[in-house]
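When you line the sequence shown up against the working numbering, it's residues 4 to 266, in that order.
Every residue, glycine too, gets a C-beta built ideally from N, C-alpha and C.
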Amino acid sequence: MKQLMMIGFGAMAAEVYSHMPSDLQLKWIVVPEKSVAKVQSQVAQDIQVISSIDLCQGVPDYVIEVAGQAAVKEHALKVLEKGWTIGLISVGTLADSEFYQKLQMTAEKNGAHLHLLAGAIAGIDGIAAAKEGGLEKVTYQGRKSPKSWKGSYAEQLIDLDAVKEPTVFFKGTAREAAIKFPANANVAATIALAGLGMDKTMVELIVDPDIKKNKHSIVAQGRFGEMTIEMAGVPLASNPKTSTLAALSVIRACRNSVEAIQI
Numbered sequence: 004m005k006q007l008m009m010i011g012f013g014a015m016a017a018e019v020y021s022h023m024p025s026d027l028q029l030k031w032i033v034v035p036e037k038s039v040a041k042v043q044s045q046v047a048q049d050i051q052v053i054s055s056i057d058l059c060q061g062v063p064d065y066v067i068e069v070a071g072q073a074a075v076k077e078h079a080l081k082v083l084e085k086g087w088t089i090g091l092i093s094v095g096t097l098a099d100s101e102f103y104q105k106l107q108m109t110a111e112k113n114g115a116h117l118h119l120l121a122g123a124i125a126g127i128d129g130i131a132a133a134k135e136g137g138l139e140k141v142t143y144q145g146r147k148s149p150k151s152w153k154g155s156y157a158e159q160l161i162d163l164d165a166v167k168e169p170t171v172f173f174k175g176t177a178r179e180a181a182i183k184f185p186a187n188a189n190v191a192a193t194i195a196l197a198g199l200g201m202d203k204t205m206v207e208l209i210v211d212p213d214i215k216k217n218k219h220s221i222v223a224q225g226r227f228g229e230m231t232i233e234m235a236g237v238p239l240a241s242n243p244k245t246s247t248l249a250a251l252s253v254i255r256a257c258r259n260s261v262e263a264i265q266i
């Protein structure tokens, strides 16, 4: 049976843990030192809960990150230095071009692999395929309720409490969006890295007082033709800030790590 290391143990990790493929064993969980005892009490005793990659006793077949950008900065390089394969859900971290290059060089040097998971958006396979020959333009549009934008940089750009109709409050590149809206950066960053890159992928962010679900839209054009992808995401019941589809994409990555046939 193959063994998994999970970085983080919040709402998304708990969802993944409850849907773990039967032939993949969760063996290690990496969390901050202050959380080790609490998490250890929530999982089986044969799971090693640690605060550092260096404390791992053994070699995982796959590592999955479900902890956020700070955890990626703290642990991802160490994972790649050991030659292990890691799947990232917090793709927005890679808007930091210097850190991205460090990850790439470390992976190449140590024969490791970094998987960027699709997360809360669909259509990444189509964009990545189009990139191979003739992708010319990609625009991502993110639409959320005023409540969902509270606590973000949006509050400096628009009076969220006064919005009466759908309003675009940000237009810029995926890199700019990822830097200014780190808590909402993963979708834009994933689309960018699959396609034209951080500085050529355009982003529009909208506040809409009439919607209940977060809505995502991608419009791509090129030699392949045109594609429009739209979806409305449902949050996890255990954490409204976490996309259900993002959690399911992590479960899919775990399943692919053990399946003989993958899609």
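Residue closest to residue i, alpha-carbon to alpha-carbon, out of the options
{"i": "Gln48", "options": "Leu29, Gly61 and Thr204", "result": "Leu29"}
{"i": "Asp268", "options": "Gly136, Val141 and Pro212", "result": "No information on residue 268 is available, as it lies outside the stretch 4 to 266 that the chain covers here."}
{"i": "Val19", "options": "Ser44, Val66, Gly61 and Ser54", "result": "Val66"}
{"i": "Asn259", "options": "Ala191, His118 and Gly11", "result": "His118"}
{"i": "Leu97", "options": "Ala121, Ile209 and Asn189", "result": "Asn189"}
{"i": "Ile130", "options": "Ser55, Ala157, Arg226 and Gly71", "result": "Arg226"}
{"i": "Ile10", "options": "Ser25, Ile32, Lys203 and Met23", "result": "Ile32"}
{"i": "Ile232", "options": "Pro243, Ala256, Val261 and Ile194", "result": "Ile194"}
Residue i: first and last residue of the uninterrupted alpha helix (DSSP H) it sits in
{"i": "Thr109", "result": "Ser100 to Asn113"}
{"i": "Leu248", "result": "Thr247 to Asn259"}
{"i": "Met15", "result": "Ala14 to Ser21"}
{"i": "Ala40", "result": "Val39 to Gln43"}
Extent of the continuous beta strand (DSSP E) to which residue i belongs
{"i": "Trp87", "result": "Unbroken run through Trp87: none, as it is neither H nor E."}
{"i": "Thr170", "result": "Thr170 to Thr176"}
{"i": "Ala240", "result": "Segment: none, Ala240 is in no beta strand (DSSP E) and carries neither H nor E."}
{"i": "Met205", "result": "Met205 to Val210"}
{"i": "Met8", "result": "Lys5 to Ile10"}
Anticipated Cβ contact below 8 Å, residue i with residue j, distance rounded
{"i": "Lys174", "j": "Glu207", "result": "5 Å"}
{"i": "Leu83", "j": "Leu138", "result": "Not a contact, Cβ separation roughly 28 Å."}
{"i": "Ala2", "j": "Val94", "result": "The shown model of the chain, from 4 to 266, leaves out residue 2, and the question about it has no answer."}
{"i": "Lys140", "j": "Ala197", "result": "So it is not a contact: roughly 14 Å between Cβ atoms."}
{"i": "Ile209", "j": "Val171", "result": "5 Å"}
Residue i: CB within 8 Å of a non-hydrogen atom of the ligand NAP
{"i": "Ser241", "result": "Within the structure as shown, the ligand NAP is missing, as the structure has no ligands at all."}
Could you tell me whether the segment 236 to 253 touches the segment 10 to 17, using the rule of 3 or more Cβ pairs below 8 Å? yes
Would you check if there are 3 or more beta carbon pairs closer than 8 Å linking the segment 213 to 220 to the segment 142 to 159? yes
Check whether the segment 124 to 136 and the segment 148 to 168 are in contact - that is, three or more C-beta pairs closer than 8 Å. no
Quick one: complete beta strand (DSSP E) runs, 3+ long, within the segment 129 to 200? 138 to 147 and 170 to 176
Can you find at least 3 beta carbon pairs, one from the segment 34 to 43 and one from the segment 97 to 109, that sit closer than 8 Å? no
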